[in-house]
Each structure stands twice: as C-alpha cells, then as structure tokens.
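Residues in the sequence shown are numbered from 78 upward in steps of one, following the numbering used here. Idealized CB from N, CA, C, for every residue including glycine.
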Amino acid sequence: MPNTYTITTDYRTNATWELRDPDLNSVKIAAVGTLAERGSYVGYQLRIQKDAMVNLLDEVESVRDAIGVLSNSGFGALRINGVKIRPPESVDIPDLIGKSISSLGLADVDRLVGLANWIKTNFASWIGTSSPLLDFNDVKVTYRKEGSSTDSWIALNDIYPLPVVPPDGVPRAPDGTVQLEKPFSVENDTAIYMMVADSSGRTEQVRIKSIEEMFFLDTVLGTFGSSSDYFSQLAIARTDALVAKLSESARATAPFDAVAFRTVSSSDQSFSNFAVFPIVDTTLVIQTAGSTFGPIQAPKGSLIRSPVSSGAVEYKYYYANNDNPSKPADLVEVMIDINKKVILGLSDEQRQTVISQFGDTVVSLTQRSSQQSVYLNELMQKAALFFDTASNALKAMTESENRVASGI
C-alpha cells in the first residue's frame with residue numbers, strides 16, 4: 078500500500094495534489110486516495126479520448142470541405158512540360174523568368190497576379206493558406222493621384238503588417254522623413270493610404286483602390302527559374318492531402334498521373350523529374366539488344382520497364398526521348414521513386430469517383446465518432462463513479478470517526 082496518492086485537480090495544466098499517509102496506518106486515506114487516484118487516471122483517459130473525438134470531427138469537416146471543393150471544380154490541372162510540372166499554359170509565365178522588376182509592364186504584373194490567384198484557388202483548400210508555398214510577399218497596388226483621371230500602379234514587397242497612424246499622421250522613417258510607397262491605415266478609418274511623390278518631389282497622400290497578391294516577384298525573377306520544382310512541390314502537397322482523405326481501400330486506386338524519376342548517370346540525386354503514367358512494359362532486354370530493336374509502342378516522355386535479362390522478374394526503367402523508340406539512343410536509363418506519385422488533375426469521371434469515395438470516408442468517420450461518443454460517456458460515468466465513491470467514503474468514514482469520538 079503506497080504512502081502517497083496523486084490526485085489531479087486541473088487537467089488543463091496537469092496540476093496535481095498529493096494525499097499522504099506517511100505512517101501507512103490510515104484506512105480512510107488509503108480508501109479515499111485509491112478511489113480518487115483511479116478517478117484521476119480515468120480522467121486523463123477521458124481527456125485523451127475527448128481530443129481524439131475533436132480530431133475525428135475535424136476530419137469529418139475536412140473531408141466534407143474537400144467534397145465541396147471538388148464539387149466546385151477546385152482542382153485545376155497541372156501539366157508536364159518536358160520533365161517538369163508546370164501550371165496551365167494560360168497562366169504560365171516562362172517569358173518573364175529572368176526579367177528585372179523595372180522591365181515589367183502592367184500586363185506582365187497582371188499575369189503574375191493571375192497566376193497567384195490561380196494557385197490560391199486550386200491549392201489553398203488542400204494545403205492551407207498558411208503554407209510557405211502560398212506565402213506571396215509581393216503585391217500590385219493600384220491608386221489614383223489627385224486630379225488624375227486614370228489609375229496608377231506600383232509593385233511592392235513585404236508591405237504587411239500595415240502601420241496604423243493617428244489621424245493627420247503619416248509613416249515616417251527614423252530620421253523623420255516621410256516614408257513613400259508604404260501603405261498604411263489611419264485610426265478609426267477603414268481606408269488604406271500611401272504617400273507618393275510627384276515629378277517635383279512634392280508628397281501626396283493617395284487612397285489605395287486595390288492590393289492584389291503577385292506570384293514570387295523579387296528583385297529579379299531569375300530565382301524562379303532555378304526553383305522549377307515549385308509546382309512539383311505544390312502537386313505533391315495537394316496529392317498527399319487528397320489521398321490522406323481517402324479510405325485505405327481506395328488509396329491503392331487513386332488516380333495518379335505521374336511519377337518522379339532521375340537519370341542513373343546524373344550527379345543530381347534528387348527525384349525532380351516527372352513522367353506520366355502508365356509505365357510501358359516490354360519484354361526486350363534493352364541494354365543488350367544491340368544498336369537497334371523493334372519499335373516499342375510508347376510516346377515520347379514515357380517510362381518503359383524492361384527486364385534485366387530474358388525472363389527475369391527484376392527490371393530497369395528507361396525514359397523515352399522519342400516516339401516509339403527503336404534504338405538505345407532513343408532511351409535514357411532512369412531510376413523512379415514509386416512513392417513520389419502525383420495527381421496532376423481530375424477528369425469529370427475521376428472527380429465523381431473521388432467525391433463518392435470521400436462520401437464513404439465521411440460515413441466511416443461518422444460511425445467511428447458515434448462509437449467514440451459512447452466510449453466517452455462510459456469514461457465520464459466511470460470517472461464520476463470513482464470520485465463520487467471517494468467522496469462518499471470520506472464522508473462515511475469521517476462520520477463514523479465522529480460517532481466513535483463522541484461515544485468515547
């Protein structure tokens with residue numbers, strides 16, 4: 078029998094109180110301490126299971142939200158251009174890569190805004206708006222100067238959080254000079270303003286008409302060209318989010334479109350290239366087939382699987398540089414990462430299939446939450462029973478001790 082009983086008094090802070098019986102001679106302390114300690118243990122289990130219940134309900138809502146996104150076509154299709162994942166041609170910006178900010182015209186900036194909007198529309202619901210992949214620090218600001226009949230615009234970087242100044246105030250630098258092209262708000266005013274200068278250097282306060290996010294505008298867009306795996310990261314993140322919402326049985330048949338690979342001879346060990354499914358099978362032993370062989374019916378950009386030797390169940394993989402390759406020069410040996418598969422887009426049929434599978438997931442999660450609710454009720458009743466019994470035991474033993482003392 079222990080000489081100390083630990084009883085939880087606050088489950089939020091894990092605060093505890095110790096009931097001590099250093100001489101091990103109190104039946105009352107032993108009885109009350111044992112019952113209260115058991116109640117505390119059940120209470121901890123109850124807290125854990127409550128958290129599990131909240132997670133289940135969050136999962137249900139998450140899947141239902143995903144059904145809503147898919148029902149409204151919020152899964153824009155990416156494409157493979159060469160071996161890289163890219164956005165649709167209608168929003169892609171390959172001609173802007175490497176250009177300086179000063180060379181960008183309004184049409185170019187509007188394309189950056191369009192790409193940012195497309196990315197947010199098709200990925201935010203899947204990977205969360207707080208994802209670093211969707212953290213665009215650059216904006217196009219539109220405003221109108223006094224006496225002008227047309228809007229002006231400017232591209233700015235890192236304007237948030239907006240400073241708030243008192244009425245009749247403006248943002249100022251440490252040396253007291255007015256800060257130009259720094260959006261700000263005024264106390265008790267919902268509008269957003271900015272200080273600009275005219276050709277003679279006179280400062281003017283203008284009201285901002287719109288602030289639109291732009292995609293990855295920096296001093297030079299050249300960094301975008303060197304990080305061409307950005308859209309593969311988006312595709313993988315969105316794919317993982319979608320597949321995680323499928324039931325275990327449905328994950329094996331998820332509508333994957335492409336798989337990552339790298340060339341065997343490349344010094345780059347990352348699997349940053351992508352090829353579309355399906356992988357074409359051939360019985361030809363390509364590496365020993367001589368200078369030519371019968372054409373393999375596979376389009377350019379395909380992955381081809383070939384046995385390492387005649388009849389072998391081990392394989393090598395090749396990327397087709399040309400349609401229907403018929404000689405080793407048409408192929409390059411590659412390694413694939415079968416665990417790095419992506420869904421580029423969904424056809425209407427695939428969309429409906431996934432929505433149906435999500436519905437099955439909701440049913441399964443709802444059944445689990447119902448079972449969890451029953452279990453929670455059992456734990457609450459058990460915890461209440463232990464604490465009530467401890468309280469009643471304390472009361473009964475105290476009353477008995479008082480009667481004995483009175484009789485003496």
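Legend entry - Ile415 and Tyr395 closer than 9 Å at C-beta: no
Inset, instruction - Look at Arg54 and Phe200 and say whether their C-beta atoms are less than 9 Å apart. - result: Outside the shown range of the chain, which is 78 to 485, sits residue 54, and nothing can be said about it.
Legend entry - Classification of Glu391 by the beta-carbon crowding that lies within 10 angstroms, buried from 16 upward: exposed
Legend entry - Residue nearest to Val283 in terms of C-alpha spacing, selected from Ser262, Ile381, Phe293: Ser262
Inset, instruction - Name, in chain order, the residues that DSSP records as bridge partners for Thr280. - result: Ala274
Legend entry - Residue interval of the beta strand (DSSP E) (run including Leu380): 380-384
Inset, instruction - Please classify Ser229: does DSSP put it in a helix, a strand, or coil? - result: strand
Inset, instruction - Starting from Tyr307, trace the beta strand (DSSP E) both ways and give me its first and last residue. - result: Counting along the chain, Tyr307 falls outside any beta strand (DSSP E), though it belongs to the alpha helix (DSSP H) covering 307-321.
Inset, instruction - Give the secondary structure of Asn199 by DSSP, where H, G and I count as helix, E and B as strand, and everything else as coil. - result: helix
Inset, instruction - For Asp345, I'd like the list of residues in its chain whose CB is within less than 7 Å of its CB, leaving aside the five on either flank, ordered along the chain. - result: Arg339
Inset, instruction - Please look up how many angstroms separate the CB atoms of Pro402 and Ile373, rounded, as I've assumed it's under 8 Å. - result: 5 Å
Legend entry - Coil, strand or helix - Arg163 by DSSP: strand
Inset, instruction - Kindly indicate which three-state DSSP category Ile269 falls into: helix, strand or coil? - result: strand
Inset, instruction - Can you say whether Thr254 is buried or exposed, counting buried as having 16 or more other CB atoms within 10 angstroms of its CB? - result: exposed
Inset, instruction - Please go through the stretch 207-259 and give each complete beta strand (DSSP E) segment of 3 or more residues, from N-terminal end onward. - result: 215-220, 229-234
Inset, instruction - List the whole-angstrom C-beta distance separating Ile285 from Tyr220, where the pair is believed to meet the contact cut-off of C-beta under 8 Å. - result: 5 Å
Legend entry - Val247 versus Asp235 - alpha carbon distance: 18 Å
Legend entry - When Asp128, Ser148, Ile178 are compared against Ser433, the one with the closest alpha-carbon: Ser148
Legend entry - Burial state of Arg279 (16 or more Cβ within 10 Å): exposed
Legend entry - For Ser180, the nearest candidate out of Asp358, Val411, Ile313, Ile231 (CA to CA): Ile231
Legend entry - the ligand MN heavy atom lying under 8 Å from the CB of Leu147: Questions concerning the ligand MN fall outside what the structure shown contains, since it holds no ligand whatsoever.
Inset, instruction - Would you kindly check if the distance between the Cβ of Gly422 and the Cβ of Val160 is under 9 Å? - result: no
Inset, instruction - Kindly indicate the opening and closing residues of the beta strand (DSSP E) around Ser19. - result: Limits of the chain in this structure are 78 at one end and 485 at the other, which puts residue 19 out of reach.
Legend entry - Residue(s) in a DSSP beta bridge with Asn158: Lys161
Inset, instruction - Look up Val45 in the DSSP assignment and say whether it is helix, strand or coil. - result: What the structure shows of the chain is the stretch from 78 to 485, and residue 45 is not part of that stretch, so it cannot be assessed.
Legend entry - Endpoints, beta strand (DSSP E) assigned at Ala337: 335-340
Legend entry - Extent of the continuous alpha helix (DSSP H) to which Ala327 belongs: 325-328
Legend entry - Cβ-based burial, Glu290 [other Cβ within 10 Å; buried from 16]: buried
Inset, instruction - Determine the DSSP secondary structure at Glu426, reduced to helix, strand or coil. - result: helix
Inset, instruction - Answer yes or no: do Val273 and Lys222 have a C-beta to C-beta separation smaller than 9 Å? - result: yes
Inset, instruction - Keeping to the same chain, check which residues put their C-beta closer than 8 Å to that of Ser210; ignore five residues upstream and five downstream. - result: Sequence check: residue 210 is Leu here, not Ser. So the qualifying residues of the chain are Phe200, Ile204, Tyr307, Gln310, Leu311, Ala314.
Legend entry - Through-space distance from Gly151 to Thr198, alpha-carbon basis: 7 Å
Inset, instruction - Can you grab the Cα-Cα spacing for the pair Phe351 / Val336, in whole Å? - result: 5 Å
Legend entry - Nearest-angstrom Cα separation, counted from Ser225 out to Leu183: 18 Å
Inset, instruction - Count the other CB atoms, across all protein chains shown, that sit within 10 Å of the CB of Arg328; report buried if there are 16 or more and exposed otherwise. - result: exposed
Inset, instruction - Could you pull the start and end residues of the beta strand (DSSP E) that Glu410 belongs to? - result: 408-419
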